[in-house]
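Some notes on the structure that comes next.
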Amino acid sequence: MSSLRSTEYVLAPPSPHMVGDGFRVHHFFPGNAPFDMHRLSPFLMLDYNAPFNFPPSMQPKGVDVHPHKGFETVSVVFKGKVAHYDSAGNSGVIGEGEVQWMTAGNGILHKEFHEENFSKSGGIFHMAQLWVNLPSAFKSKQAGYQEISREKIIPQMIENGTVECIAGEFNGFIGPAKTHTPIILLIIDLKKSGVFNYSLPQNFNACCLMVEGNGIWNHKTASPEHHLVVFQNDGTRISFEAKENSKLLLMAGEPIHEPIASYGPFVMNTQEEIREALNDYRAGKFGFLN
Numbered sequence: 003m004s005s006l007r008s009t010e011y012v013l014a015p016p017s018p019h020m021v022g023d024g025f026r027v028h029h030f031f032p033g034n035a036p037f038d039m040h041r042l043s044p045f046l047m048l049d050y051n052a053p054f055n056f057p058p059s060m061q062p063k064g065v066d067v068h069p070h071k072g073f074e075t076v077s078v079v080f081k082g083k084v085a086h087y088d089s090a091g092n093s094g095v096i097g098e099g100e101v102q103w104m105t106a107g108n109g110i111l112h113k114e115f116h117e118e119n120f121s122k123s124g125g126i127f128h129m130a131q132l133w134v135n136l137p138s139a140f141k142s143k144q145a146g147y148q149e150i151s152r153e154k155i156i157p158q159m160i161e162n163g164t165v166e167c168i169a170g171e172f173n174g175f176i177g178p179a180k181t182h183t184p185i186i187l188l189i190i191d192l193k194k195s196g197v198f199n200y201s202l203p204q205n206f207n208a209c210c211l212m213v214e215g216n217g218i219w220n221h222k223t224a225s226p227e228h229h230l231v232v233f234q235n236d237g238t239r240i241s242f243e244a245k246e247n248s249k250l251l252l253m254a255g256e257p258i259h260e261p262i263a264s265y266g267p268f269v270m271n272t273q274e275e276i277r278e279a280l281n282d283y284r285a286g287k288f289g290f291l292n
């Protein structure tokens, strides 16, 4: 019989800081966590912009041109809109309830801002960004995007709620995101007293962000709003009961058992590869973006 996983940590949101002038984030891991970058592999970093009211602005707020190499960024927008541009000529808008999955691969320049109309009107902005490692075999892959629009996200009905499967599988439904290692990314919406049960491989590292509401994990661990629960790898099931209307972001994946060398927006396997990435960036090999 499968067993419920224990909770290893319940992490309160760290003090927020600004990324650029458009993202007010709680940096959950790795920097503020009681564990290193390997503990939640393949996930490297989680930044969470809890609901924040940005005033109207004629100049869109955000982050100007910056590089990425060797990993993926997954941006989940709960409220507001994000416009993005890159050195490969791609651009677009991530709307409410949508996801952008960017593979930095062999290097890309990128910038992201509040979408123009949202900036002019102002309002509540709410999103999460997850960094996902790539195995060494894919760190030199051509950079690219997966735009996961509302039309591609099909809510799966459960008792007293819905589950949106972005990556992996839920009740036979396969999420639209294509991943380089086995990954599960679910957005769960529950009404008060709703219950979410899920089975996953014991070797998968897993955590869950309490986006809205609160509840109880595995019949005993309280999960307050905006907290992150990290599960131990001691079982194959998790169970959540909502104490009020709740939204959760569940992240789970097979760990990548490779060395990690990181420097800012570069994540490689060795320090020599980091130096090469820096040299490539300075030499203009990531392309150009104004």
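Numbered by the numbering used here, the letters in the sequence shown go through residues 3 to 292 in order.
Built from N, CA and C at the ideal position, the CB exists for glycine as well.
| Check | Outcome |
| --- | --- |
| Burial state of Lys63 (16 or more Cβ within 10 Å) | buried |
| Segments assigned beta strand (DSSP E), at least 3 residues, entirely inside the segment 42-97 | 45-56, 64-70, 73-81, 84-88 and 93-96 |
| Ile186, buried or exposed, once every other Cβ within 10 Å from all chains shown has been counted against 16 | buried |
| Contact the segment 258-267 vs the segment 186-202: 3+ CB pairs below 8 Å | no |
| Own chain partners of Ala35 with C-beta closer than 7 Å, once the 5 adjacent residues on each side are dropped | Leu13 |
| Cβ neighbour criterion (16 or more within 10 Å) applied to Arg7 | buried |
| Neighbour-count burial assignment, Met253, 16 or more Cβ in a 10 Å radius | buried |
| Identified DSSP bridge partners for Ile185 | Gly255 |
| Minimum C-alpha distance to Ile276 - residue among Ser5, Gln102, Gly109 and Asp66 | Gly109 |
| Cβ neighbours of Pro58 in the same chain (closer than 7 Å, five flanking residues each side left out) | Lys122, Ser123 and Gly124 |
| Boundaries (first-last residue) of the alpha helix (DSSP H) holding Arg284 | Gln273 to Arg284 |
| Buried versus exposed, by CB contacts within 10 Å (16 or more), Asp38 | exposed |
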